[in-house]
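Here is the structure we will look at.
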Amino acid sequence: MDWRSEYSPCGGREVRLIRLRSFSSQFLVSLLSSKPFFPSGSSSQFCTSPLKMIKGFGQPWRTVRTRFATSLTISCVLLQILFLGNLSYLYGTQFQESSRVHNLNLLYVDYDGGVVGQSVIDAYGLLAADSFPTIQQSRPESFPTLADVRTAVCKGDYWGAVYAFPNGSESLSSAIANGENAPVTLGIVWNGARYAAFMQSAVYSNILTLIQATRSTYYANNASAMSNMLSDQSALQAFLDPIQATEINIKPTNQGSRVLYNSVSMIMPIIMQFFCMMALNGVSSEFNLFTSLGWHANGFIRLLVSIIYTLVSSLCTTGYIWAFKETWDMNSNQFVLTWIVYWLYMHINFLIFDILTTFVPMQYMAFCVLTWMILNVSSALSPFELNPGFYRWGYTLPSHEAYQLLGQIWSNGCNNQLHIALPILFSWWVVGIVVVVYATYYRCNTALALQAKSGAPEIHSLPDEESKTPPGSSDGMLVRDRRGTVESIRLERVVYGPSYPSISQTLRAQ
Numbered sequence: 003m004d005w006r007s008e009y010s011p012c013g014g015r016e017v018r019l020i021r022l023r024s025f026s027s028q029f030l031v032s033l034l035s036s037k038p039f040f041p042s043g044s045s046s047q048f049c050t051s052p053l054k055m056i057k058g059f060g061q062p063w064r065t066v067r068t069r070f071a072t073s074l075t076i077s078c079v080l081l082q083i084l085f086l087g088n089l090s091y092l093y094g095t096q097f098q099e100s101s102r103v104h105n106l107n108l109l110y111v112d113y114d115g116g117v118v119g120q121s122v123i124d125a126y127g128l129l130a131a132d133s134f135p136t137i138q139q140s141r142p143e144s145f146p147t148l149a150d151v152r153t154a155v156c157k158g159d160y161w162g163a164v165y166a167f168p169n170g171s172e173s174l175s176s177a178i179a180n181g182e183n184a185p186v187t188l189g190i191v192w193n194g195a196r197y198a199a200f201m202q203s204a205v206y207s208n209i210l211t212l213i214q215a216t217r218s219t220y221y222a223n224n225a226s227a228m229s230n231m232l233s234d235q236s237a238l239q240a241f242l243d244p245i246q247a248t249e250i251n252i253k254p255t256n257q258g259s260r261v262l263y264n265s266v267s268m269i270m271p272i273i274m275q276f277f278c279m280m281a282l283n284g285v286s287s288e289f290n291l292f293t294s295l296g297w298h299a300n301g302f303i304r305l306l307v308s309i310i311y312t313l314v315s316s317l318c319t320t321g322y323i324w325a326f327k328e329t330w331d332m333n334s335n336q337f338v339l340t341w342i343v344y345w346l347y348m349h350i351n352f353l354i355f356d357i358l359t360t361f362v363p364m365q366y367m368a369f370c371v372l373t374w375m376i377l378n379v380s381s382a383l384s385p386f387e388l389n390p391g392f393y394r395w396g397y398t399l400p401s402h403e404a405y406q407l408l409g410q411i412w413s414n415g416c417n418n419q420l421h422i423a424l425p426i427l428f429s430w431w432v433v434g435i436v437v438v439v440y441a442t443y444y445r446c447n448t449a450l451a452l453q454a455k456s457g458a459p460e461i462h463s464l465p466d467e468e469s470k471t472p473p474g475s476s477d478g479m480l481v482r483d484r485r486g487t488v489e490s491i492r493l494e495r496v497v498y499g500p501s502y503p504s505i506s507q508t509l510r511a512q
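Under my numbering, the residues of the sequence shown are numbered 3 to 512, in order.
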């Protein structure tokens with residue numbers, strides 16, 4: 003293909019026909035190297051540099067191009083390492099998860115003592131594997147009533163339970179002999195509100211698999227003895243489908259939004275607090291609060307803002323959970339308790355970001371914010387029983403403990419974790435408040451230093467090389483001004499960064 007043009011001006015000269023392929027390839031090479039550009043068949047005076055074709059390029063670009071490329075490359079590589087590390091950590095929580103399902107314990111109590119109860123044990127013998135929950139059989143004396151079995155699951159000692167009804171084998175044999183429908187011989191208990199999205203796939207579905215396998219083992223154990231009793235159609239139907247089970251779901255949680263409760267609903271509160279902190283810093287910068295008010299007043303203002311904003315944010319978060327709860331049975335007490343837990347969780351994150359934005363340099367803020375979010379959401383995604391052992395340190399993170407409290411509230415008090423969750427959350431909260439007090443004091447002192455530096459006529463602390471500059475030299479004045487500007491920018495970032503302009507400031511600028 004030819005690039006056809008009668009004349010092409012460049013650097014005040016004109017050239018004729020040039021082939022596009024040769025032109026483009028030579029142009030790119032010259033652009034990257036900033037060497038003079040001479041297309042094939044053209045005069046060596048075609049133009050001195052392709053950068054002159056683009057307005058704004060020239061000597062300044064040649065001065066900084068190497069440092070610019072190096073700095074940009076380092077930043078991009080660091081960002082890739084950041085995302086690689088965080089996503090590897092996040093995906094690691096689910097790595098080979100199915101091979102750790104055996105860490106989930108199911109309770110089995112045989113109140114029958116007959117062929118049906120034995121068939122459950124035989125079925126588990128066929129299914130036992132790393133990808134199947136572990137059945138722990140207990141004597142009926144340890145759980146005298148069915149209410150005791152339900153309580154054991156509710157307390158969180160077991161992820162679910164299976165039990166054989168008393169005299170279940172005799173009732174089934176009688177039904178087959180008399181041509182009656184098969185009676186209920188097994189029962190299951192589980193809590194649908196405990197890690198709702200995970201519970202149905204890893205626990206409930208495996209319990210149903212166990213019930214189905216029990217039918218097969220029942221045939222193997224009792225088919226020959228019962229075959230001569232199939233006198234009519236009803237008896238045959240009872241024999242073909244002998245194992246009937248009843249289900250107790252402590253807290254049915256079937257709404258579609260349940261998959262978001264331990265993921266998006268735990269990470270959005272963190273993002274809310276970071277954005278609020280940016281807004282607060284921007285407004286504080288606009289009104290110069292850190293220099294016009296003392297650190298006591300600034301601390302009180304920031305504390306008041308943090309409490310009010312997190313109260314409103316937690317109310318909204320609880321509100322959208324309730325708005326999409328569908329048929330989920332929740333009452334007003336659970337609404338208020340959910341609101342309180344979200345408020346504490348959000349206020350902890352507000353304090354964390356107040357501390358980070360004070361002491362962490364701006365260029366590292368993205369690393370801290372993203373890492374903090376990934377660490378927290380990873381601790382609440384799935385039970386630690388399914389994670390590699392390393393992830394157990396997530397017990398110390400506020401997201402995990404907040405979700406444990408929410409699960410307890412939503413399941414009417416089951417899986418009580420108050421003795422663990424509340425001390426951890428209040429430890430974060432108390433330590434955060436103490437450190438934020440010092441952070442506010444540090445911001446105010448730094449702001450006063452910035453104000454004093456901005457009002458100083460000149461900078462006297464210079465390195466030896468710069469101090470040798472003649473007093474009347476303009477280079478020395480530029481060096482001093484530049485050093486003063488850089489230091490002022492650094493101090494301003496410490497005091498007010500990161501932030502964005504307030505709406506009123508933006509409107510005035512327009």
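Every residue, glycine too, gets a C-beta built ideally from N, C-alpha and C.
Just to check my reading of the structure: residue i and residue j have Cβ atoms closer than 8 Å, yes? What is that Cβ distance to the nearest angstrom?
{"i": "Ile190", "j": "Ala163", "result": "7 Å"}
{"i": "Tyr344", "j": "Pro271", "result": "7 Å"}
{"i": "Leu210", "j": "Val118", "result": "Not a contact, Cβ separation roughly 17 Å."}
{"i": "Gly158", "j": "Cys416", "result": "7 Å"}
{"i": "Asn414", "j": "Lys253", "result": "6 Å"}
{"i": "Gly170", "j": "Asp114", "result": "4 Å"}
What are the partner residues of residue i, as DSSP defines its beta bridges?
{"i": "Glu249", "result": "Ile190"}
{"i": "Val111", "result": "Ser140, Tyr165"}
If we count the other Cβ atoms within 10 Å of its Cβ and call it buried at 16 or more, is residue i buried or exposed?
{"i": "His349", "result": "buried"}
{"i": "Cys446", "result": "buried"}
{"i": "Ser469", "result": "Because Ser469 sits at a pLDDT of 43, beneath the cut-off of 50, its placement in the model cannot be relied upon, and the following sentence gives the value as read from the coordinates. That one is exposed."}
{"i": "Trp412", "result": "buried"}
{"i": "Gln93", "result": "In the sequence on display, residue 93 carries Tyr and not Gln. Exposed."}
{"i": "Trp297", "result": "buried"}
{"i": "Ser121", "result": "buried"}
{"i": "Ser334", "result": "exposed"}
{"i": "Gln275", "result": "buried"}
{"i": "Asp518", "result": "A query on residue 518 cannot be resolved here, the shown segment of the chain reaching from 3 to 512 and no further."}
{"i": "Gln410", "result": "buried"}
{"i": "Tyr366", "result": "exposed"}
{"i": "Ile20", "result": "Residue placement at Ile20 cannot be trusted, given a pLDDT of 41 that sits under 50; what the coordinates show is reported in the next sentence. Result: buried."}
{"i": "Leu452", "result": "buried"}
{"i": "Arg152", "result": "buried"}
{"i": "Ile245", "result": "buried"}
In angstroms, rounded to a whole number, what distance separates the CA positions of residue i and residue j?
{"i": "Arg260", "j": "Phe292", "result": "44 Å"}
{"i": "Tyr91", "j": "Leu84", "result": "11 Å"}
{"i": "Ser140", "j": "Ser100", "result": "26 Å"}
{"i": "Leu353", "j": "Thr65", "result": "43 Å"}
{"i": "Ile250", "j": "Tyr165", "result": "11 Å"}
{"i": "Trp161", "j": "Ala195", "result": "11 Å"}
{"i": "Ser514", "j": "Ala222", "result": "No answer is possible for residue 514: the residues shown for the chain start at 3 and end at 512."}
{"i": "Gln2", "j": "Ala382", "result": "Since the first residue of the chain shown is 3 and the last is 512, residue 2 is not available in this structure."}
{"i": "Val439", "j": "Gly301", "result": "7 Å"}
{"i": "Ala404", "j": "Ser265", "result": "12 Å"}
{"i": "Leu30", "j": "Trp63", "result": "Summary for Leu30: the model assigns pLDDT 48, below 50, so the residue's position carries little reliability; its value from the coordinates is reported in the next sentence. Distance between the alpha carbons of Leu30 and Trp63 is about 16 Å."}
{"i": "Thr340", "j": "Ser401", "result": "14 Å"}
{"i": "Pro135", "j": "His104", "result": "4 Å"}
{"i": "Ala179", "j": "Lys327", "result": "47 Å"}
{"i": "Thr398", "j": "Leu109", "result": "29 Å"}
{"i": "Asn378", "j": "Gly87", "result": "15 Å"}
{"i": "Val371", "j": "Leu188", "result": "50 Å"}
{"i": "Met375", "j": "Ala454", "result": "37 Å"}
{"i": "Arg304", "j": "Tyr322", "result": "27 Å"}
{"i": "Ser294", "j": "Thr359", "result": "20 Å"}
{"i": "Tyr206", "j": "Asn256", "result": "13 Å"}
{"i": "Leu262", "j": "Tyr220", "result": "40 Å"}
{"i": "Leu242", "j": "Asn183", "result": "11 Å"}
{"i": "Gly116", "j": "Asn208", "result": "23 Å"}
{"i": "Asp331", "j": "Trp324", "result": "10 Å"}
{"i": "Gln202", "j": "Ile273", "result": "29 Å"}
{"i": "Val79", "j": "Ser73", "result": "10 Å"}
{"i": "Gly284", "j": "Ser133", "result": "52 Å"}
{"i": "Phe145", "j": "Cys156", "result": "14 Å"}
{"i": "Ser286", "j": "Pro390", "result": "44 Å"}
Pick from the options: whose alpha carbon is nearest that of residue i?
{"i": "Gln406", "options": "Phe392, Pro425, Gly391, Pro390", "result": "Pro425"}
{"i": "Ile342", "options": "Leu210, Leu313, Asp356", "result": "Leu313"}
{"i": "Gln96", "options": "Asn417, Phe392, Gly415, Tyr443", "result": "Phe392"}
{"i": "Thr216", "options": "Ala125, Val371, Asn88", "result": "Ala125"}
{"i": "Gln138", "options": "Leu128, Asp132, Ile123, Arg152", "result": "Ile123"}
{"i": "Pro185", "options": "Ser287, Ala131, Ala247", "result": "Ala247"}
{"i": "Tyr444", "options": "Cys318, Asp356, Asn389", "result": "Asp356"}
{"i": "Trp431", "options": "Met280, Leu388, Leu346", "result": "Leu346"}
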